[in-house]
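Protein chains: 2
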Amino acid sequence: MVSDVSRRQQIESTASALFRERGYAATSVRDIARALDIQGASLYAHVASKEDVLWSIVSRAADRFDAAVTPIARDRTLPASVRLARMITAHIGVIADDLGNASSFLQEWRFLSADRRAQVAARRDGYEAMFRGILEEGIAAGELDPLMDARLDARALLSALNGVAGWYRPTGALTPAQIADRFTSLSLDGLRRRPGLSYPAPDEGGRTLR
Amino acid sequence: MVSDVSRRQQIESTASALFRERGYAATSVRDIARALDIQGASLYAHVASKEDVLWSIVSRAADRFDAAVTPIARDRTLPASVRLARMITAHIGVIADDLGNASSFLQEWRFLSADRRAQVAARRDGYEAMFRGILEEGIAAGELDPLMDARLDARALLSALNGVAGWYRPTGALTPAQIADRFTSLSLDGLRRRPGLSYPAPDEGGRTLR
DNA sequence: CCTACCGATCGGTAGG
DNA sequence: CCTACCGATCGGTAGG
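Just so you know, the protein sequences line up as chains A and B, in that order. When we follow my numbering, the leftmost residue of the first sequence carries the number -1, and every step to the right adds one. When we follow my numbering, the leftmost residue of the second sequence carries the number -1, and every step to the right adds one.
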């Protein structure tokens, strides 16, 4: 049982890396088994089905994003823009911490069965709503621009953040925290030069933050 | 021959819609044929292989993005920030104009053979470099903030733009041009409220700009 | 564009 | 975790 748990985790870790590289549909059960040096049929001593492996990976990833970001979003003692900065850092941290897991969640969840797909869609909608909610709080508090489209902006932000899973390399020049800081500056202040403005902003999301 | 050309286009259009819905690897040749009301084997009167269909779709999409965006990027009579705004509009226009084609290009190109994949990767790198180049020109001209990371910012922007292919619906509330305008504002000015600043900016990328 | 067919591979099971 | 095996489906071909 104890060894079964860790073997199961090995399977999910190996499978998520393969799903990231080749996609779920193009990865066979025997591909996963070969990477673990066992026979294809032997996998079924540990998992009920191929889809079950994907479901575990996707569920775990969703849990990780929720666990990292939700407490930040809910901390009303912090200004919305500071929470947003920390949510960005947390989200990118989850991605960088396990690229295969996050990529499988982000890209391969559509290969789940209809009911599981619906569950994931609901969780993703809730997650997006959390980002949208922070933007709306920021508008209400006068921190963020009232003309923005919170729904569209939350989608744009999450697309950009999730794109990190596609190109991030642990050996790259930028750390996850540096990437997150730049994303925060970009989101809050944009690309345009504003000569009269202090830059970075002293206490909210600038590149000196955290 | 004439009918072959249009039949070929029908096949690619049908296939790209299925690839968008289910993914290339999970779409069988017979799925494509069934959608066209012909037998699976009959497809091979028109195409050499399943991968060939994907290759045509991906090449066409790459051509469309290039044709729409490159002339704007090269027009040095316009300020970089104006070109950026128009590139964003053009890019989103290509996506909205043919969701299946664009989505297949963006998501399914990794299922091409190694050499074709390398060709697509090179084109995508060049396309990204074009956006990065505009940002660098904008910095050099004093329009854009010199502290930005052009490479990272170009990736963030393109990820956000490409994300539109995942959620855009022609029946939605926002037109492609409206989405593009909001993305432009978001990119250039960010989310933060700046009470002293005229908003939208009078002649560059504000929401009144085309 | 069809019927008939091919070898290969798929996810998964039986029985140890 | 293995060997042996299953029916289904895959991309693709032959021959009309």
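Built from N, CA and C at the ideal position, the CB exists for glycine as well.
Counting along the chain, A33 (chain A) sits inside the alpha helix (DSSP H) bounded by residues V27 to A33. In the displayed model, L189 (chain A) falls within coil according to three-state DSSP, outside both helix and strand.
Within the same chain, I30, A33 and L34 come within 7 Å of T12 (chain A) by CB-CB distance, once the 5 residues on both sides are set aside. Taking the CA atoms as reference points, A71 (chain A) sits about 12 Å from E134 (chain A). Proximity of L41 (chain B) to chain A, defined by a Cβ-Cβ separation below 8 Å, is not satisfied. Residue state for L159 (chain B) is assigned as helix, using DSSP reduced to three classes. Contact with chain B is absent for R122 (chain A), since none of that chain's Cβ atoms lies less than 8 Å from the residue's Cβ. Secondary structure of L110 (chain A) (DSSP, three-state): coil.
Only residues of its own chain outside the window of five on either side were considered, and among them P144 have a CB closer than 6 Å to the CB of I137 (chain B), listed in chain order.
As a beta-bridge residue in DSSP terms, L142 (chain B) pairs with A:R190. Residues of the region 21 to 53 of chain A with a C-beta atom less than 7 Å from some C-beta of chain B are G21, A23 and A24, listed in chain order. With respect to R108 (chain A), R115 (chain A) sits close: the two C-beta atoms are nearer than 8 Å. Following the DSSP letters along the chain, one finds R58 (chain A) inside the alpha helix (DSSP H) bounded by residues K48 to R72. Closest in C-alpha terms to I86 (chain A), from the list A:P193, A:N99, A:P69 and A:A119, comes A:P69. Around the Cβ of Y22 (chain A), a 10 Å sphere holds 16 or more other Cβ atoms; the residue is buried.
Excluding residues up to 5 positions away in sequence, R18, A163 and Y166 lie with their Cβ nearer than 7 Å to the Cβ of L97 (chain A) in the same chain. Contact annotation: F103 (chain B) and V56 (chain B) have beta-carbon atoms nearer than 8 Å.
C-alpha of A152 (chain B) to C-alpha of D179 (chain B): approximately 17 Å in a straight line. Pairing L186 (chain B) with G188 (chain A) gives a Cβ-Cβ distance under 8 Å. Secondary structure note for G91 (chain A): its alpha helix (DSSP H) is the uninterrupted segment A78 to D95. Around M146 (chain B), the beta-carbon contacts reaching into chain A at under 7 Å are L189. Taking CB atoms only, L150 (chain B) has a neighbour in chain A less than 8 Å away. By the rule that beta-carbons nearer than 8 Å mark a contact, A154 (chain A) touches chain B. Its chain contains I132, L133, E135, G136, A139, E141 and L142 as the residues whose beta carbon lies nearer than 8 Å to that of A78 (chain A), once the 5 sequence neighbours on both sides are disregarded; these appear in chain order.
Taking each of B:L172, B:I90, B:D61 and B:L41 in turn and checking the Cα distance to G161 (chain B), the smallest one comes out for B:I90. With contacts defined by Cβ atoms closer than 8 Å, L110 (chain B) and L52 (chain B) form a contacting pair. From the beta-carbon of L186 (chain B), the residues of chain A found nearer than 7 Å are G188, L189 and R190. Chain A places a beta carbon closer than 8 Å to that of A158 (chain B), counting this residue as a contact.
Using beta-carbon distances, F109 (chain A) counts as an interface residue toward chain B, with a partner under 8 Å. Contact annotation: A100 (chain B) and I93 (chain B) have beta-carbon atoms nearer than 8 Å. Short of 7 Å from the beta carbon of E106 (chain A), and not among the five residues preceding or following it, lie these beta carbons of its own chain, in chain order: F17, G21, Y22 and L52. Of the other Cβ atoms in all chains shown, fewer than 16 fall within 10 Å of the Cβ of T75 (chain B); this residue is therefore exposed. Among the CB atoms of chain A, one or more fall inside 8 Å of the CB of F181 (chain B).
Close to D113 (chain A), with beta-carbon spacing below 8 Å, lies no residue of chain B; the smallest spacing is near 17 Å. Secondary structure of G170 (chain A) (DSSP, three-state): coil.
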